[in-house]
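Working notes, structure below.
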Amino acid sequence: MSGSGFAVHRVRRWLDAAAHVADAIMPRCHAGPVADAVQAGWSIDLPGEYCRRCGLSIGPSSATERGCSRCLEQRCAWDGIVRLTSYRAPMTTWITAMKFRRQWSWAEWLGDRLAERIDVCDNATIVCPVPMHWRRRLARGYNQSALIADTIARRKGIQSAALLRRRRFSPPQTRTTATDRRLNARGAFAVGAVDLSGWTVWLVDDVKTTGATLSACCSHLRQAGAGRIHVAVAAVADPGG
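As structure tokens, then:
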């Protein structure tokens, strides 16, 4: 083996070893924060604690399969939703760390928890992340929704695909109104040349706020022929929450 070939071989061995160490450490790095939160009384929501149609928090026995009092008379772009919690501490801290502090391994933990709650799944099911504009992905280094989606797909043994793309860059929507969010989502997405006839799609995002982004994505997936669309998010922002 030449000197350069030996060097490459050593680098590959080092990278493989580093990858094994990362795989062993990354999931454990959340054990402390999660354990502390559980000890303080935090837990992942049970299905009866939120509306399975719109995702908002509800009281005991205050929703049916057709929805809750806040969404019953409204059109919904998707067929059902799964969430972990409302957008409150400590979930807000974990999502912020995932998105803005490069603690991307939170995406694997969130994806694992969501996969445990997804029951609509067969060979004609595909997971699709909400897309991120290339400029934001270049700045951040990754799309956290895609990381969550990939984890769900691995755990469920189904496909994950970037069926959608974000055509227009928009500023962060943390403090924008519901009306502004709807305007920003209008025309912001496109679907690739794909036939989704007969497919069930799980659309994945980190947080549902007003639902404008998810609704816009669902519209394009319907145009591509998707039969049923379910949403999986780590958290849902309740009005006034």
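Everything in the sequence shown is counted per the numbering used here, starting at 1 for the first residue and increasing by one. Backbone N, C-alpha and C define an ideal beta-carbon position, used for all residues, glycine too. Predicted model only: the values in this text are computed from it and were never measured.
| Item | Value |
| --- | --- |
| Exposure label - A18; buried when at least 16 CB within 10 Å | Note that A18 scores a pLDDT of 40, beneath 50, so its modelled location is shaky and nothing firm can be said. |
| CB contact flag (R165, A190, <8 Å) | yes |
| Whole-angstrom distance between S62 and R117, CA atom to CA atom | 21 Å |
| Inter-residue Cα distance where the pair is K156 and S69 | 32 Å |
| Cutoff 7 Å; reference T85; Cβ partners in own chain excluding five residues on either side | I44, D45, M91, A235 |
| Counterpart residues of F189 in DSSP-defined beta bridges | R166 |
| Between the CA atoms of R135 and F169 - distance to the nearest angstrom | 7 Å |
| Residue interval of the alpha helix (DSSP H) (run including R83) | No alpha helix (DSSP H) holds R83; the beta strand (DSSP E) holding it covers 80-86. |
| Extent of the continuous alpha helix (DSSP H) run through A153 | 144-156 |
| R66, DSSP secondary structure in three states | coil |
| Own chain partners of L110 with C-beta closer than 6 Å, once the 5 adjacent residues on each side are dropped | I148, A234 |
| Any 3 or more C-beta pairs closer than 8 Å across the segment 95-102 and the segment 219-229 | no |
| C-beta atoms of G227 and G198 nearer than 8 Å | yes |
| Residue span of the alpha helix (DSSP H) that contains R137, given as start and end | 134-140 |
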